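Below you'll find the structure, written out as structure tokens, and then a few comments.
Residue numbers (the numbering used here): 64 to 188.
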């Protein structure tokens, strides 16, 4: 079973566990709230929530992430080639172009002088 939550090996619990952040220091939060009119508390919370989750949820032991090497080795690109493809495609459309009444949108037969729906005069464009 996999999870999107961060997990790690806890040496104290001897198992893979979910991770959490260090608890917020409530005394510091109250002092920052009172003496900085809340601005310091906002900064403190932004810094706190930007830290990585690195504590065991059971015993609060600090988990150190193992240093893993990426399985993909980055190699510098030695040669860049640019391909330019230009294809001129032209199609000629042939066939009957249906005409519609400009006033009401009724489909018209060819050679009609007046719209059968609204009676307006049809002008050929």
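Virtual Cβ for every residue (Gly too), placed ideally from N, Cα, C. For clarity, every value in this text was computed on a predicted model and none was experimentally measured.
Closest Cα partner of residue i within the set the options
i	options	result
residue 82	174, 184, 181, 115	115
residue 68	75, 80, 98	80
residue 75	162, 163, 123	123
Residues near residue i in its chain [Cβ-Cβ closer than 8 Å; skip 5 each side]
i	result
residue 177	183, 184, 185
residue 167	178, 180, 181, 183
Distance between residue j and residue i (C-alpha atoms, nearest Å)
i	j	result
residue 169	residue 155	27 Å
residue 127	residue 77	14 Å
residue 100	residue 84	25 Å
residue 103	residue 121	30 Å
residue 98	residue 108	15 Å
residue 163	residue 153	27 Å
residue 105	residue 95	9 Å
residue 113	residue 150	51 Å
Close Cβ partners of residue i (< 7 Å) along its chain, the five nearest in sequence each way excluded
i	result
residue 125	117, 118
residue 87	111
residue 171	162, 163, 164, 178, 185
residue 92	104, 107
residue 175	185
Helix, strand or coil at residue i according to DSSP, with G and I counted as helix
i	result
residue 162	strand
residue 67	coil
residue 90	helix
residue 132	Confidence at residue 132 is low in this model, with a pLDDT of 49, below 50, so the placement of that residue should be treated as unreliable; the coordinate-derived value is given next. DSSP places residue 132 in coil when its eight states are reduced to three.
Sequence-distant residues of the same chain with beta carbon closer than 6 Å to residue i, five excluded per side
i	result
residue 71	82, 126
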